[in-house]
Amino acid sequence: MVKVRSTTIRGTVSTIIKTAARMVATTRVMDDIPMIPNDAVSLLTKEKLLERFTPYDYTIVVLMLVCSGAIGLYCAFAEGLQKTTRQLLSANGRLSPTFVSLSLTASFISATFVLGNAAEVYQNSTMIFVTIGSYVFMLATTASFFVPIFYELGVNTCYQYLELRFSRLVRMAAVVLYIIEMLIYMSVSLYAPALAISSITGIKLWTTVCAISIVCTLYTSVGGIKAVVYTNAFQLVVMLIAMIVIVISGYAHLGGFNRVWKIAERGKRIHFTDFRFDPTVRHTVWGLVIGAAISNMGSYATNNMMVLRYFTVSSLNAAKWAVWMNLPLLVAVLSLSCLSGLLMFARYHACDPIANKQVTSSDQLLPYFILDVLGATTGMSGLFVAGIFAASLSSISSAVNALCNVFYIDIVLICWPSISSETGAKVIVGLGAVFSLLAIILVVGTSSMGQVLPATVAINSSVGAPLFGLFFVGIFFPTVTTLGVYANSFNSEELRRKLSIGQLFNHSRDSLNCRESSIHISAVLFVDVEYIRFYTGGRVFTC
């Protein structure tokens, strides 16, 4: 009897110990499981997504396009048709610094910026947010050194400085590189949003490309820089409203900021402090602050798309003020993009739409998320697509205007110095249509470039950075000669071209994988049933 009781007691104790161990193990496993939103039961198919893009959404998109065109045409004809090159290229220096600042930000923030940064946070981490530090250095250097030099020289394009400092050959080489850079940039800025939108809304890719190009060409050619600045300001407001509404609605839908942040922490997406000096690491503080500052200065300090706007205000102080006003705007847009990336990770951390073939690229994730999570709300999808269209319109119109300016000043006037201002204005109008058509043609080859953010970075690095280097050595190193510029520019350009373009076309992508959880069916007792996707064969799966 005693022996039986002893055996029974030992068996009971053993059972209790095993049960406790199982509970502890289950608890540990559950600590590693991020909280999945209650309604995240399955990924929506493309057919379901198309149903969510309603006629109301199409109306919002069309209204944005119509308003952009109307504002541009009003600026072109409100004070009479702009008939001189000075009116088209500098608006007679009478624009408001506030509107110029909004235009600068809108030109810098393309659709690739919004889609690419959100995808970067989703796939990798929030390290990209550290780029904010580069904005301070970039804007300070631009406002303190480059803007005063260009403004006081009274040049019409920044490339005229290169002839004054070095030679006409250096100037012409820089102009050719710049035209190539901007044409590729325009094709990427056209293709990326068109692909993202067409894959989810049903709007044909070439319909989007042609719509953006036609609207841009219409008001940019006849309205000049004045039309571009005011439409850019409107488009930036549309972008900000769309992003703010989407971020607030998204966090409310997924349970609040704390919940989304906790999921991102468990998924190791929250990361801001990688100080390693390791070139093999994707992002470090040094690369994102120092490297990005140098790269972006190629846009703000020496890209004629930006420099042209510094001549549209009435004084040097107004130009500096327009530059500094970009800081809060850039911080706001980058922050909203990163927050959108966290939202996407919180929604899809357990089941990646890329791995499940719901989308073909990470750049399509943000549109997919909007339709999936917020598409049931009338007008939300249309507002987002309108914001993406606005971002693309602002970049393309600014690029077309800059190319017209550079080609006319740096090529046409050199070849035809006696051309009248009125005839020059007609030439500029024609150039706008030509460059828009070239960008559309180049879209055909843009699909080989992979993700849009690396594509944009590669373009800036391979062409924009060497151009910035020419201006930098010319301004800060007075002993540098023309011969030295020839030799070093060729070598550095060849190296950067091989590294950047090679990486661009030989890209690799790491994606989240749908994975089998290690939780056995017994663990379901400790899990809220709303967090279980499905189970089979006694095992629980997260996707």
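All you need for the numbering used here is the position in the sequence shown, starting with 1, plus 201. Here a beta-carbon is modelled for each residue, glycine too, at the ideal position from N, C-alpha and C.
* To do: Please check the pair V371 and L391, which I expect to be a contact at CB under 8 Å, by giving their CB distance rounded to whole angstroms.
  => For this step, residue 371 is matched to residue 170 along the sequence shown. For this step, residue 391 is matched to residue 190 along the sequence shown. Wrong, their Cβ atoms sit about 31 Å apart, outside the cutoff.
* Asked: Does the Cβ of P529 have 16 or more other Cβ atoms within 10 Å, making it buried, or fewer, making it exposed?
  -> The residue labelled residue 529 in the question sits at position 328 within the sequence shown. So P529 ends up on the exposed side.
* What separation, rounded to the nearest whole angstrom, lies between the Cα atoms of Y362 and T432? -> Here residue 362 refers to the residue found at position 161 of the sequence shown. Here residue 432 refers to the residue found at position 231 of the sequence shown. Taking the straight line from one Cα to the other gives about 29 Å.
* Asked: So, helix, strand or coil for V482, using DSSP?
  -> Along the sequence shown, read from residue 1 onward, the residue named residue 482 stands at position 281. If DSSP states are grouped into helix, strand and coil, V482 belongs with coil.
* Three-state secondary structure (DSSP) at G258? -> What you label residue 258 is simply residue 57 of the sequence shown in a count that begins at 1. Note that residue 258 corresponds to Asp in the displayed sequence, not to Gly. When DSSP states are grouped into helix, strand and coil, D258 belongs to the helix group.
* Buried or exposed: which applies to G425, given that a residue is buried once 16 or more other Cβ atoms fall within 10 Å of its Cβ? -> Along the sequence shown, one-based indexing puts residue 425 at 224. Per the 10 Å Cβ criterion, buried.
* Buried or exposed: where does Y257 fall if 16 or more other Cβ atoms within 10 Å of its Cβ makes it buried? -> What you label residue 257 is simply residue 56 of the sequence shown in a count that begins at 1. Exposed is the call here.
* **Inside the stretch 317-374 only - beta strand (DSSP E) runs reaching at least 3 residues** => none
* Do you know offhand how far G468's Cα is from L455's? -> Looking up residue 468 in the sequence shown gives position 267. Looking up residue 455 in the sequence shown gives position 254. In this model, G468 and L455 are separated by some 16 Å (Cα to Cα).
* Do the stretch 594-604 and the stretch 623-640 meet, that is, are 3 or more Cβ pairs less than 8 Å apart? -> Touching, yes.
* **V613 and I620 closer than 8 Å at C-beta** => Residue mapping note: residue 613 aligns to position 412 of the sequence shown, counting from 1. Residue mapping note: residue 620 aligns to position 419 of the sequence shown, counting from 1. Result yes, Cβ atoms of V613 and I620 sit closer than 8 Å.
* Residues near M339 in its chain [Cβ-Cβ closer than 7 Å; skip 5 each side] -> Here the question's residue 339 lines up with position 138 in the sequence shown. Taken in chain order, the residues that qualify are A494, N497, M498 and Y501.
* Distance between N459 and A640 (C-alpha atoms, nearest Å) -> Within the sequence shown, numbered from 1, the residue matching residue 640 stands at position 439. Within the sequence shown, numbered from 1, the residue matching residue 459 stands at position 258. Spanning the two alpha carbons is a distance of roughly 43 Å.
* Asked: Taking the C-alpha atoms as reference points, what is the distance between A547 and A319?
  -> If you number the sequence shown from 1, residue 547 lands on position 346. If you number the sequence shown from 1, residue 319 lands on position 118. Cα-Cα distance, rounded: 12 Å.
* Look at the alpha carbon of V423 and the alpha carbon of S326, and state the distance between them as a whole number of angstroms. => For the purposes of this step, residue 423 is identified with residue 222 of the sequence shown, where counting begins at 1. For the purposes of this step, residue 326 is identified with residue 125 of the sequence shown, where counting begins at 1. Their Cα atoms are separated by approximately 44 Å.
* **Proximal residues to I398 (C-beta, below 7 Å), its chain only, five neighbours per side dropped** => Indexing the sequence shown from 1 puts residue 398 at position 197. So the list reads I404, T409, P568, V586 and I589, once near-sequence residues are dropped.
* Taking Cβ positions, are A406 and A395 nearer each other than 8 Å? -> Residue 406 sits at position 205 when you count from the first residue of the sequence shown. Residue 395 sits at position 194 when you count from the first residue of the sequence shown. Note on residue identity: the sequence assigns Leu, not Ala, to residue 406. Cβ distance < 8 Å, so L406 and A395 count as in contact.
* Go ahead and pull the three-state DSSP assignment for P554. => Here residue 554 is taken as the residue at index 353 of the sequence shown, counted from 1. Residue state, collapsed to three classes: coil.
* Asked: Around the C-beta of P679, are 16 or more other C-beta atoms found within 10 angstroms, so that it is buried, or is it exposed?
  -> Here residue 679 corresponds to residue number 478 of the sequence shown, with the count starting at 1. The residue is exposed, with fewer than 16 neighbouring Cβ atoms inside 10 Å.
* Asked: Could you give the distance in angstroms between the alpha-carbon of I381 and the alpha-carbon of K463?
  -> In the sequence shown, the residue the question calls residue 381 occupies position 180. In the sequence shown, the residue the question calls residue 463 occupies position 262. Cα to Cα, I381 sits roughly 45 Å from K463.
* Can you tell me the Cα-Cα spacing of S622 and I571, whole angstroms? -> As a position in the sequence shown, residue 622 is number 421, starting the count at 1. As a position in the sequence shown, residue 571 is number 370, starting the count at 1. Their Cα atoms are separated by approximately 48 Å.
* Asked: In whole angstroms, what is the alpha-carbon distance linking D240 and C605?
  -> Reading the sequence shown from its first residue, position 39 is the one you call residue 240. Reading the sequence shown from its first residue, position 404 is the one you call residue 605. Bear in mind that the predicted position of D240 carries a pLDDT of just 44, short of 50, making it too unreliable to give a figure here.
* Please name the residue, chosen from V439, V377, G685 and L305, that lies closest to V607 on a Cα-to-Cα basis. => Looking up residue 607 in the sequence shown gives position 406. If we check each option's Cα against that of V607, V377 comes out closest.
* Proximity to F278 [Cα-Cα], best of G294, T313, T421 and P618 -> Reading the sequence shown from its first residue, position 77 is the one you call residue 278. Comparing Cα-Cα distances from F278 to each of G294, T313, T421 and P618, the minimum goes to T421.
* Asked: Touching or not, the stretch 527-544 and the stretch 348-367, by the rule of three or more beta carbon pairs under 8 Å?
  -> no
* **Three CB pairs or more closer than 8 Å across the stretch 435-451 and the stretch 301-310** => Verdict: yes, contact present.
* How would you label G273, buried or exposed, when you count the other beta carbons within 10 angstroms and need 16 or more for buried? -> Stepping through the sequence shown from its first residue, residue 273 is reached at position 72. Classification for G273: buried.
* To do: Determine the burial state of A577: buried for a count of at least 16 other Cβ atoms within 10 Å of its Cβ, exposed for fewer.
  => Locating residue 577 in the sequence shown gives position 376, where the first residue counts as 1. Under this definition A577 is an exposed residue.
* To do: To the nearest angstrom, report how far apart Q288 and V356 are at their CA atoms.
  => Mapped onto the sequence shown, residue 288 falls at position 87. Mapped onto the sequence shown, residue 356 falls at position 155. The straight-line gap from Cα to Cα measures roughly 16 Å.
* **Residue span of the alpha helix (DSSP H) that contains K521, given as start and end** => Sequence index remark: in the sequence shown, residue 521 carries index 320 (1-based). First-last of the alpha helix (DSSP H) with K521: L517 to W525.
* Is there contact between the stretch 306-315 and the stretch 553-561, where contact requires at least three CB pairs shorter than 8 Å? -> no
* Burial state of K521 (16 or more Cβ within 10 Å) -> Position 320 of the sequence shown, counted from the start, is the residue given in the question as residue 521. Under this definition K521 is a buried residue.
* Nearest-angstrom Cα distance between E321 and R477? -> By one-based count along the sequence shown, residue 321 stands at place 120. By one-based count along the sequence shown, residue 477 stands at place 276. Taking the straight line from one Cα to the other gives about 20 Å.
* To do: My understanding is that A412 touches L266, with C-beta atoms under 8 Å, so please give their C-beta distance in whole angstroms.
  => Along the sequence shown, one-based indexing puts residue 412 at 211. Along the sequence shown, one-based indexing puts residue 266 at 65. With a Cβ gap of about 6 Å, A412 and L266 count as contacting.
* Asked: Which word fits P618, buried or exposed, when buried means at least 16 other C-beta atoms lie within 10 angstroms of its C-beta?
  -> As a first step, residue 618 must be located in the sequence shown, where it is residue number 417. P618 should be labelled exposed.
* To do: Could you say which of I597, F677 and V681 lies nearest to S345 if we only look at CA atoms?
  => The residue labelled residue 345 in the question sits at position 144 within the sequence shown. When only C-alpha atoms are compared, the closest one is F677.
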